[in-house]
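Visitor:
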Amino acid sequence: MAAKGQVDLLLKLDQAKTQLYHFKAVIISGMGFFTDAYDLFCISLVTKLLGRIYYQVEGSPKPGILPPNVAAAVNGVALCGTLAGQLFFGWLGDKLGRKHVFGITLLLMMISSIGSGLSFGSSPKTVMATLCFFRFWLGFGIGGDYPLSATIMAEYSNKKTRGAFIAAVFAMQGFGILAGGIVAMAVSATFSAVYKAPAYSVDPIGSTGPQADYVWRIILMLGALPAALTYYWRMKMPETPRYTALVAKNAEKASRDMSKVMGIEVQAQEEAGEEKVINKSNSFGLLSEEFLRRHGLHLLGTASTWFLVDIAYYSQNLFQKDIFSAVGWLPRANTMNAMEELFKIAKAQFLIALCGTVPGYWFTVFLIDYIGRFTIQLIGFFFMTVFMFVLAIPYHHWTLKENNIGFVVIYGLTFFFANFGPNSTTFIVPAEIFPARFRSTCHGISAAAGKAGAIIGAFGFLYAAQNQDRSKVDPGYPAGIGMKNSLMVLGMVNVLGFLLTFLVPEPKGRSLEEISGENEEVDQAHPTGVEIV
2 MAAKGQVDLL
12 LKLDQAKTQL
22 YHFKAVIISG
32 MGFFTDAYDL
42 FCISLVTKLL
52 GRIYYQVEGS
62 PKPGILPPNV
72 AAAVNGVALC
82 GTLAGQLFFG
92 WLGDKLGRKH
102 VFGITLLLMM
112 ISSIGSGLSF
122 GSSPKTVMAT
132 LCFFRFWLGF
142 GIGGDYPLSA
152 TIMAEYSNKK
162 TRGAFIAAVF
172 AMQGFGILAG
182 GIVAMAVSAT
192 FSAVYKAPAY
202 SVDPIGSTGP
212 QADYVWRIIL
222 MLGALPAALT
232 YYWRMKMPET
242 PRYTALVAKN
252 AEKASRDMSK
262 VMGIEVQAQE
272 EAGEEKVINK
282 SNSFGLLSEE
292 FLRRHGLHLL
302 GTASTWFLVD
312 IAYYSQNLFQ
322 KDIFSAVGWL
332 PRANTMNAME
342 ELFKIAKAQF
352 LIALCGTVPG
362 YWFTVFLIDY
372 IGRFTIQLIG
382 FFFMTVFMFV
392 LAIPYHHWTL
402 KENNIGFVVI
412 YGLTFFFANF
422 GPNSTTFIVP
432 AEIFPARFRS
442 TCHGISAAAG
452 KAGAIIGAFG
462 FLYAAQNQDR
472 SKVDPGYPAG
482 IGMKNSLMVL
492 GMVNVLGFLL
502 TFLVPEPKGR
512 SLEEISGENE
522 EVDQAHPTGV
532 EIV
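Residues in the sequence shown are numbered from 2 upward in steps of one, following the working numbering.
#1: For F364, would you say it is in contact with chain C, using Cβ-to-Cβ distances shorter than 7 Å as the test?
#2: Just checking, does the stretch 17 to 26 make contact with the stretch 207 to 221 on the three C-beta pairs under 8 Å criterion?
#3: Over the uninterrupted alpha helix (DSSP H) stretch that includes I105, give me the two end residues.
#4: Write down the C-beta distance between S441 and L149 rounded to the nearest angstrom, noting that I regard them as a contact closer than 8 Å.
#5: Which two residues bound the contiguous alpha helix (DSSP H) that contains R438?
#6: Using the Cα positions of I153 and R99, report the straight-line distance between them to the nearest angstrom.
#7: Of the choices A187, A255, V494, G224, whose alpha-carbon is the least far from that of P423?
#8: Hey, would you say S30 sits closer than 7 Å to V170, going by beta carbons?
#9: Give every residue of the same chain whose Cβ lies closer than 7 Å to the Cβ of T48, excluding the five residues on either side of it in the sequence, and list them in chain order.
#10: Where do the ends of the alpha helix (DSSP H) carrying M340 lie?
#11: Can you tell which of V188, V203, K96 has its C-alpha closest to the C-alpha of Y196?
#12: Is V170 near the ligand MG, with its Cβ less than 6 Å from a heavy atom?
#13: Which residues in the same chain as A449 place their Cβ atom closer than 6 Å to its Cβ, once the five residues preceding and following it in sequence are excluded?
#14: What is the C-beta distance between I411 and F388, in whole angstroms, given that I count them as a contact (C-beta under 8 Å)?
#15: Just mark A347 as buried or exposed, buried being the case when its beta carbon has 16 or more other beta carbons within 10 Å.
#16: Please report the Cβ distance between R243 and E156, rounded to the nearest whole angstrom; I am assuming they are in contact, meaning their Cβ atoms lie under 8 Å.
#17: Report the three-state DSSP secondary structure of Y201 (helix, strand or coil).
#18: What do you get for I312, buried or exposed, if any count of 16 or more other CB atoms within 10 angstroms of its CB means buried?
#19: Over the uninterrupted alpha helix (DSSP H) stretch that includes Y39, give me the two end residues.
#20: So, for K237: in the same chain, excluding its five sequence neighbours on each side, which residues have a beta-carbon less than 7 Å away from its beta-carbon?
#21: In whole angstroms, give me the CA-to-CA distance for F408 and V184.
#22: Below 7 Å between beta carbons: does that hold for L80 and I406?
#23: As a quick exercise: from T426, W138, L288, E403, pick the residue whose alpha carbon is nearest that of A165.
#24: Whose C-alpha, out of E433, F383, R438, F435, is nearest the C-alpha of T415?
#25: How many Å lie between R374 and K160 at the Cα?
#26: To the nearest angstrom, how far is the alpha carbon of Y147 from that of Q469?
#27: If you draw a straight line from the alpha carbon of M32 to that of N420, how long is it in whole angstroms?
#28: Which value, in whole angstroms, describes the spacing of the CA atoms of T36 and L392?
#29: Whose CA, out of V474, G302, V102, R53, lies closest to the CA of T241?
#30: Would you kindly work out how many angstroms separate the C-alpha atoms of K452 and P211, rounded to a whole number?
#31: Near G498, which residues of its chain fall below 7 Å by C-beta distance, leaving aside the five closest residues on each side in sequence?
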């Protein structure tokens, strides 16, 4: 039989009223995602600036751009680090506990953000190599935040509002993207006002003054600030009661922690003759046949849908400046100086995030516990598919100057339905449907599959979106399949994501132990529930 203390503790967690600590946990965990989004996406803002500073070709009619291999490395190395961090810290979070690993990830982010801005060298190659080194470790720290933040929030939440709280943690990414845009606009506008510079077509050398080298460094280093502000509070968080009770097998300590932070009291002592392990049939390992039988399809569903949505999401997000240029929303690079170009790219990214990305996140927060994860994911994949094809099929129509605003509106809607859709739900569901002793690991595996998709999206789109006409491609790139065909491919990716969503169960309104089959005896032991004190 289940230990009465453990059963009572789990039931009380599930029935606990929403209180101040839940919101505090959202902010503490969410600031990690704020930092994540700022750091991962601000690099896309400064890549054109890096090209102007370090790869200017004398006498060229166009400003310098990063060579293909350098652009791929700078944009993608943090994603590679994130993938490794998700697997490593996901596993470590189940072995050592969520709390012990939670501070390490934030420390890594802080050190690496500062290191990224201090990437010095005697040549462009050494500067880029140093930058890539620090951005890999930045990504490694960011990767750890995915499984740990989701798992901690899931294990503290009650079953009624759990989806909204996990979604709110993830939604802090939207504010991180906005912050990246605001910081880039503020820094570039300040430098532009103080150090006047002509357009590139007027003076190629003077259009990128020596002060520009400070701009990208300041933007990258400011990513350490939100992490530093929440480090103390993150270290003060106790271990989650579910981990302490179910994995560490210490219901008494779990009870004390709940009492301290949530004001919930529970009698945690085992009664005479009761087993400490809730259900011995649930002691199977991660690589066992029993795990595959119970959760194999679930893990395939969470990993594959996250993989597919990130192909589409990251290819759009990391290279939206190229999309804006392709449809004429941004002026030609040679008509602007370096600070003007940075400001306009930042402004465009900010507007897309403000009107499409951020509202999508918060629609998910407010609706997920009413209409469910499964429905939101299907809606998101469906409309992402529709809007991708709407952009792709009449692509020439959108490149005409009079239709640029329409293109940007529909492009923004694809972001809205990514975030009011699979970009949010693929983060939430893996934290809910696996047993506590594998929860962080399985979330890390699912998230790593997503980052593999992000790497394909980021690296693949860089080459695929190049013009089919060799005379019109960017220097150093082979001819690609063009923007139109790239958008068609992304539309098909979303169709596949829609179909694979049917592998994922609906966790709405159910306890974590019920979903995972971890505590099948709870209902039999306490069919009427437990009154909260």
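Heads up, the beta-carbon is just placed ideally off N, CA and C, and yes, glycines get one too.
Model, not experiment: these values are computed from the prediction.
Guide: Reading it off the structure:
#1: In the structure shown, chain C does not exist; there is a single protein chain.
#2: Per the Cβ contact rule, the stretch 17 to 26 is not in contact with the stretch 207 to 221 (fewer than 3 Cβ pairs under 8 Å).
#3: Stepping through the sequence shown from its first residue, residue 105 is reached at position 104. Run containing I105: 99 to 118, per the alpha helix (DSSP H) assignment.
#4: The residue labelled residue 441 in the question sits at position 440 within the sequence shown. The residue labelled residue 149 in the question sits at position 148 within the sequence shown. The C-beta distance from S441 to L149 rounds to 7 Å, short enough to fall under 8 Å.
#5: On the sequence shown, residue 438 is found 437 positions in, with the first residue counted as 1. Segment 437 to 456, the alpha helix (DSSP H) holding R438.
#6: Along the sequence shown, read from residue 1 onward, the residue named residue 153 stands at position 152. Along the sequence shown, read from residue 1 onward, the residue named residue 99 stands at position 98. Linking I153 to R99 through their CA atoms gives a straight-line distance of about 7 Å.
#7: Position 422 of the sequence shown, counted from the first residue, corresponds to residue 423. Here the closest residue by C-alpha is V494.
#8: The residue given as residue 30 occupies position 29 in the sequence shown. The residue given as residue 170 occupies position 169 in the sequence shown. Their beta carbons are under 7 Å apart, which means S30 touches V170 by this criterion.
#9: Along the sequence shown, one-based indexing puts residue 48 at 47. Around T48: L67, A72, V75, N76.
#10: By 1-based counting over the sequence shown, the position of residue 340 is 339. Where M340 is concerned, the enclosing alpha helix (DSSP H) stretches over 339 to 353.
#11: On the sequence shown, position 195 is the one that residue 196 refers to. That would be V188, whose Cα lies nearest to the Cα of Y196.
#12: Summarising the ligand content, the structure contains no ligands, and the ligand MG is consequently not present.
#13: Counted from its first residue, the sequence shown places residue 449 at position 448. Cβ neighbours of A449 beyond the five flanking positions: L84, Q87, L88.
#14: The residue given as residue 411 occupies position 410 in the sequence shown. The residue given as residue 388 occupies position 387 in the sequence shown. Correct: roughly 5 Å between the Cβ atoms.
#15: Against the sequence shown, residue 347 aligns to sequence position 346. Classification for A347: buried.
#16: The sequence position of residue 243 within the sequence shown is 242, counting from 1. The sequence position of residue 156 within the sequence shown is 155, counting from 1. The pair is a contact, with the Cβ atoms about 4 Å apart (cut-off 8 Å).
#17: Start at 1 with the first residue of the sequence shown, and residue 201 comes out as number 200. Look at Y201 here: in three-state DSSP terms it is coil, with no helix or strand label.
#18: Within the sequence shown, the letter at position 311 stands for residue 312. Per the 10 Å Cβ criterion, buried.
#19: Against the sequence shown, residue 39 aligns to sequence position 38. Counting along the chain, Y39 sits inside the alpha helix (DSSP H) bounded by residues 21 to 55.
#20: Numbered from its first residue, the sequence shown carries residue 237 at position 236. Apart from the 5 residues on each side of it in sequence, K237 has no Cβ closer than 7 Å to any other Cβ in its chain.
#21: Translated into positions along the sequence shown, residue 408 becomes position 407. Translated into positions along the sequence shown, residue 184 becomes position 183. When only Cα atoms are considered, F408 and V184 end up about 26 Å apart.
#22: As a first step, residue 80 is located in the sequence shown; it is residue number 79 there, counting from the start. As a first step, residue 406 is located in the sequence shown; it is residue number 405 there, counting from the start. 7 Å or more divides the Cβ of L80 from the Cβ of I406.
#23: Counted from its first residue, the sequence shown places residue 165 at position 164. The candidate whose alpha carbon is nearest that of A165 is T426.
#24: One-based indexing of the sequence shown puts residue 415 at position 414. The candidate whose alpha carbon is nearest that of T415 is F383.
#25: The residue given as residue 374 occupies position 373 in the sequence shown. The residue given as residue 160 occupies position 159 in the sequence shown. Rounded to whole angstroms, R374 to K160 spans 13 Å at the Cα level.
#26: Counting from 1 along the sequence shown, the entry for residue 147 is found at position 146. Counting from 1 along the sequence shown, the entry for residue 469 is found at position 468. Their backbone Cα atoms lie some 38 Å apart in a straight line.
#27: Counting from one through the sequence shown, the residue named residue 32 turns up at place 31. Counting from one through the sequence shown, the residue named residue 420 turns up at place 419. Cα-Cα distance, rounded: 18 Å.
#28: As a first step, residue 36 must be located in the sequence shown, where it is residue number 35. As a first step, residue 392 must be located in the sequence shown, where it is residue number 391. Cα-Cα distance, rounded: 31 Å.
#29: Here the question's residue 241 lines up with position 240 in the sequence shown. Checking every option, the nearest Cα to that of T241 belongs to V102.
#30: For this step, residue 452 is matched to residue 451 along the sequence shown. For this step, residue 211 is matched to residue 210 along the sequence shown. C-alpha separation (whole angstroms): 36 Å.
#31: For this step, residue 498 is matched to residue 497 along the sequence shown. When the five nearest sequence neighbours on each side are left out, the beta carbons in the same chain lying within less than 7 Å of the beta carbon of G498 are those of T306, L309, V310, F382, P423, in order along the chain.
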